[in-house]
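Undergrad:
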Amino acid sequence: MIKILFVCHGNICRSPMSEFILRDMVAKRGIADQFEIASAATSREEIGNPVYPPAVRKLREHGIDPSGKRARQMTKQDYEYYDYLLAAEQYNIQNMLRIVGGDPEHKIHRLLDYSKHPRDIDDPWYSGDFETAYRDIVEGCEAFLESFK
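Numbered per UniProt numbering, the sequence shown spans residues 1 to 149.
1. Around the C-beta of TYR52, are 16 or more other C-beta atoms found within 10 angstroms, so that it is buried, or is it exposed?
2. Looking at C-alpha atoms only, which residue of ILE2, LEU22, HIS9 is the closest neighbour of MET96?
3. Looking at the unbroken beta strand (DSSP E) that takes in GLU36, where does it start and where does it end?
4. Where does the unbroken alpha helix (DSSP H) through VAL100 begin, and where does it stop?
5. Assign VAL51 to one of three DSSP states: helix, strand, or coil.
6. Give the DSSP bridge partners of TYR84, in chain order.
7. Please look up how many angstroms separate the CB atoms of TYR79 and VAL100, rounded, as I've assumed it's under 8 angstroms.
8. With a cut-off of 8 angstroms, do at least 3 Cβ pairs link the region 118-136 to the region 3-19?
9. Give the secondary structure of ILE12 by DSSP, where H, G and I count as helix, E and B as strand, and everything else as coil.
10. Flag this pair as yes or no: are the beta carbons of GLU46 and ILE21 separated by less than 8 angstroms?
11. Going by beta-carbon coordinates alone, are residue 200 and ILE2 separated by less than 8 angstroms?
12. Here's the rule I'm using: 16 or more other beta-carbon atoms within 10 Å means buried, otherwise exposed. How should ARG23 be labelled?
13. Between the alpha carbons of PRO54 and ASP65, how many angstroms are there, rounded?
14. Applying the criterion that 16 or more other CB atoms from any shown protein chain within 10 Å of the CB defines a buried residue, is ALA41 buried or exposed?
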């Protein structure tokens, strides 16, 4: 089983969107049993909070339901447990490295590093642009899955 943890600042927008988009993709491909997919935050600010309502609306527009998800903070133990720790942006990676104390196994990457156009996923909590975030996440998740072929 391939274990994936998506990470962003608060675990209420980009990382849960990534978690549920990838879950939807692997379910539609009939390979959900090959993956364990979760998400977490680098900060403590939103711990226990649900997915941000505009992110929920964007996911539901595409038939994806993130109900029940609550924000949690990434831990050092997550580094040992997960095979891939995929960040929304470079700033997240800096904080992830602070939490886990380094990346000797090279498990930490930006999600869009798998795409043809590596870049950060802008935080829609600030921009309000959940459509661009959704498209960027889909692009990254598709490229990530392609990396296994």
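All C-beta atoms, glycine included, are put in the ideal place defined by N, C-alpha and C.
TA: Quick answer:
1. Here residue 52 refers to the residue found at position 52 of the sequence shown. It counts as buried.
2. By one-based count along the sequence shown, residue 96 stands at place 96. The option with the nearest alpha carbon to MET96 is HIS9.
3. Reading the sequence shown from its first residue, position 36 is the one you call residue 36. GLU36 -> beta strand (DSSP E) spans 35-41.
4. The residue labelled residue 100 in the question sits at position 100 within the sequence shown. First-last of the alpha helix (DSSP H) with VAL100: 90-100.
5. Indexing the sequence shown from 1 puts residue 51 at position 51. Three-state DSSP puts VAL51 in coil, outside helix and strand.
6. Reading the sequence shown from its first residue, position 84 is the one you call residue 84. ILE4, per the DSSP bridge assignment.
7. What you label residue 79 is simply residue 79 of the sequence shown in a count that begins at 1. What you label residue 100 is simply residue 100 of the sequence shown in a count that begins at 1. Right, the Cβ-Cβ distance comes to about 4 angstroms (below 8 angstroms), so this counts as a contact.
8. yes
9. Indexing the sequence shown from 1 puts residue 12 at position 12. Of the three classes helix, strand and coil, the one that applies to ILE12 here is coil, per DSSP.
10. Locating residue 46 in the sequence shown gives position 46, where the first residue counts as 1. Locating residue 21 in the sequence shown gives position 21, where the first residue counts as 1. Contact flag unset, no.
11. Outside the shown range of the chain (1 to 149) lies residue 200, about which nothing can therefore be said.
12. Position 23 of the sequence shown, counted from the start, is the residue given in the question as residue 23. Buried, because 16 or more other Cβ atoms sit within 10 Å of the Cβ of ARG23.
13. Numbered from 1 along the sequence shown, position 54 holds the residue referred to as residue 54. Numbered from 1 along the sequence shown, position 65 holds the residue referred to as residue 65. If you take the alpha carbons of PRO54 and ASP65, they lie about 13 angstroms apart.
14. As a working mapping, residue 41 is identified with position 41 in the sequence shown. That one is buried.
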